[in-house]
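A.B. asks: Below you'll find the structure I mean.
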Amino acid sequence: MKIWMNGMLVDAEDAKIHLLTHALHYATGIFEGIRCYDSGTGNGAFIFRLHDHIKRFFSSAKIYLMDLRYGFDEMIDAVIETVKVNGLRSCYIRPIAYYSYGKMGVNPLPNRVDVAIAIWQWDEYLSSEQGIRCMVSSWRRIDARTMPVGAKATANYANSALARIEALKNGFDEAIMLNINGMVAEASAENVFIVRDGVICTPPTTDGALAGITRDTVLQIAKHEGIMYEVRSISRDELYLADEVFLTGTAAGIKPVVMIDNRKVGDGNVGVITKRLKSMYEDVVRGRDERFIKWLTYVEMYS
Ligand SMILES: Cc1ncc(COP(=O)(O)O)c(C=O)c1O
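The number in the working numbering is simply the position in the sequence shown, starting from 1, with 1018 added.
The structure is reproduced here in structure tokens:
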């Protein structure tokens, strides 16, 4: 496996970092999660919404005052090259930028910013076709007054990890986090949608949700399909009373939720609208829906 590291493709075993890397100690890193799907045409693959992911990567870097040293197009080319050279048609892509080794202490600015791209096969995250069981976490989602929640920053994931650990230790599959005002923010690594009376709803980013690219994809599919949708605050009791609930994320795709805090969602089965959106999403990411071909970057493997 090759990893792209500061402009060079190196063997994974050689992609090493110093123990005193700033980001390891002070969580001063930002990253992206992108998926590449087998195009089903032999040697090709589609990277889904690559430009949107790289745009968010640069936005996260801006918030953390990072000079990425590589331009937008260079990052796009680097992602494509990493996929091609590894020949993985179906994979998860992880660009990461972090304050590197140089000067210890909380201030990251004296340190160089290193940039890397790793890929791996990651078939199912939160696997379950029958739907997953969630708990409302006792951990509140980080608040905009504490951390910039709009950045996909490594630091934010300590909050996510605590929530995820709590959910797993309590026998659930995933955590849904409320914001400090008690409204639904997001899951540990996915956005949350509820369906009520045929309308799909998801919280606004100002309630603590990451501007998820899968979330946006679902909203745009809904728009094209004439499915009613709302971006509005969602309370905890609405989670319990929803007809359907699903999570969205690049790693997880669209995940139906069938139980929350031991209460069945709807009748406890995967809902009709969730099923429909999930199947449409699968078509969109694999290039089977002409209307959304613009979101795909075709990659032809070397071998
Ligand atoms: C905290 C959090 N919220 C939401 C998402 C979903 O974002 P996206 O659909 O862009 O993967 C992710 C995954 O990246 C995440 O980590």
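Note that the Cβ used here is the ideal one computed from N, Cα and C, for glycine as well.
If I follow the unbroken beta strand (DSSP E) through residue 1115, where does it start and stop?
C.D. replies: Run containing residue 1115: 1109-1117, per the beta strand (DSSP E) assignment.
A.B. asks: Tell me whether residue 1047, by its Cβ, gets closer than 6 Å to a heavy atom of ligand 1.
C.D. replies: Checking every heavy atom of ligand 1 against the Cβ of residue 1047, none is found closer than 6 Å.
A.B. asks: Quick check: is the beta carbon of residue 1057 nearer than 7 Å to any beta carbon in chain B?
C.D. replies: Among the protein chains of the structure shown there is no chain B, as only one such chain exists.
A.B. asks: Would you check whether ligand 1 has a heavy atom nearer than 6 Å to the C-beta of residue 1268?
C.D. replies: Checking every heavy atom of ligand 1 against the Cβ of residue 1268, one is found closer than 6 Å.
A.B. asks: Just to confirm, does residue 1207 get its C-beta within under 6 Å of one of the non-hydrogen atoms of ligand 1?
C.D. replies: Checking every heavy atom of ligand 1 against the Cβ of residue 1207, one is found closer than 6 Å.
A.B. asks: According to the neighbour-count rule (16 or more other Cβ atoms, all chains shown, within 10 Å of its Cβ), is residue 1113 buried or exposed?
C.D. replies: Counting Cβ neighbours within 10 Å, residue 1113 comes out buried, since at least 16 surround it.
A.B. asks: Below 6 Å, is the gap between the Cβ of residue 1292 and the nearest heavy atom of ligand 1?
C.D. replies: No, since every heavy atom of ligand 1 falls outside the 6 Å radius drawn around the Cβ of residue 1292.
A.B. asks: Could you name the residues that DSSP lists as bridge partners for residue 1030?
C.D. replies: For residue 1030, which the question treats as bridged, DSSP gives no partner whatsoever.
A.B. asks: Could you check where the beta strand (DSSP E) with residue 1194 kicks off and where it finishes?
C.D. replies: Where residue 1194 is concerned, the enclosing beta strand (DSSP E) stretches over 1192-1196.
A.B. asks: So what's residue 1072 in DSSP terms, helix, strand or just coil?
C.D. replies: Reduced to three states, the DSSP call for residue 1072 is helix.
A.B. asks: Rounded to the nearest angstrom, how far is the Cβ of residue 1211 from that of residue 1224, given a contact under 8 Å?
C.D. replies: With 8 Å as the limit, residue 1211 and residue 1224 do not qualify as a contact, their Cβ atoms being about 17 Å apart.
A.B. asks: Assuming the contact rule is C-beta atoms closer than 8 Å, residue 1098 and residue 1317 should be a hit. Round their C-beta distance to whole Å, please.
C.D. replies: With 8 Å as the limit, residue 1098 and residue 1317 qualify as a contact, their Cβ atoms being about 6 Å apart.
A.B. asks: Could you pull out every residue in the same chain whose Cβ sits closer than 7 Å to the Cβ of residue 1130, ignoring the five residues on either side in sequence?
C.D. replies: 1118 and 1120.
A.B. asks: What number of angstroms, rounded off, separates the C-alpha of residue 1064 from the C-alpha of residue 1263?
C.D. replies: Computed Cα separation, rounded: 28 Å.
A.B. asks: Within 10 Å of its beta-carbon, does residue 1022 have 16 or more other beta-carbons around it, so buried, or fewer, so exposed?
C.D. replies: The residue is buried, with at least 16 neighbouring Cβ atoms inside 10 Å.
A.B. asks: DSSP on residue 1035, reduced to helix/strand/coil?
C.D. replies: Three-state DSSP puts residue 1035 in coil, outside helix and strand.
A.B. asks: Could you tell me which residues DSSP pairs with residue 1282 in its beta bridges?
C.D. replies: Answer is 1277, bridged to residue 1282.
A.B. asks: Would residue 1178 and residue 1207 qualify as a contact pair, given that the criterion is a beta-carbon distance under 7 Å?
C.D. replies: Contact: yes.
A.B. asks: Where does the unbroken alpha helix (DSSP H) through residue 1056 begin, and where does it stop?
C.D. replies: Segment 1052-1056 is the beta strand (DSSP E) holding residue 1056; no alpha helix (DSSP H) there.
A.B. asks: Take residue 1154 and list the residues in its own chain whose beta-carbon comes closer than 8 Å to its own, dropping the five residues that flank it on each side.
C.D. replies: Closer than 8 Å at Cβ, skipping near neighbours: 1193, 1194, 1195, 1196, 1254, 1257, 1278 and 1279.
A.B. asks: Assess, as a yes-or-no matter, whether the region 1058-1078 is touched by the region 1089-1106 under the definition of 3 or more beta carbon pairs within less than 8 Å.
C.D. replies: Cβ pair count under 8 Å is three or more, so yes.
A.B. asks: Closer than 7 Å by C-beta to residue 1322: which residues in its own chain qualify, once you throw out the five before and the five after it? Chain order, please.
C.D. replies: As displayed, the chain neither begins before 1019 nor continues past 1321, which places residue 1322 out of reach and without an answer.
A.B. asks: Only counting the same chain, and skipping five residues up and downstream in sequence, which positions put a Cβ closer than 7 Å to that of residue 1324?
C.D. replies: Any question about residue 1324 goes unanswered here, given that the chain covers just 1019 to 1321.
A.B. asks: At 4 residues or longer, and completely inside the region 1141-1191: list those alpha helix (DSSP H) runs for me, N to C.
C.D. replies: Within the region 1141-1191, the complete alpha helix (DSSP H) runs of at least 4 residues are 1174-1187.
A.B. asks: Near residue 1159, what residues of its chain come up, given a Cβ to Cβ distance below 6 Å and the 5 sequence neighbours on each side ignored?
C.D. replies: Same-chain partners within the cutoff: 1195, 1197, 1203 and 1226.
A.B. asks: Give me the residue from 1200, 1299 and 1274 with the minimum Cα distance to residue 1213.
C.D. replies: Residue 1274 is the option with its Cα nearest to residue 1213.
A.B. asks: Who pairs with residue 1265 in a beta bridge, going by DSSP?
C.D. replies: 1210 and 1273, per the DSSP bridge assignment.
A.B. asks: Mind checking whether the beta-carbon of residue 1232 lies closer than 6 Å to any heavy atom of ligand 1?
C.D. replies: It does: the Cβ of residue 1232 is within 6 Å (strictly closer) of some heavy atom of ligand 1.
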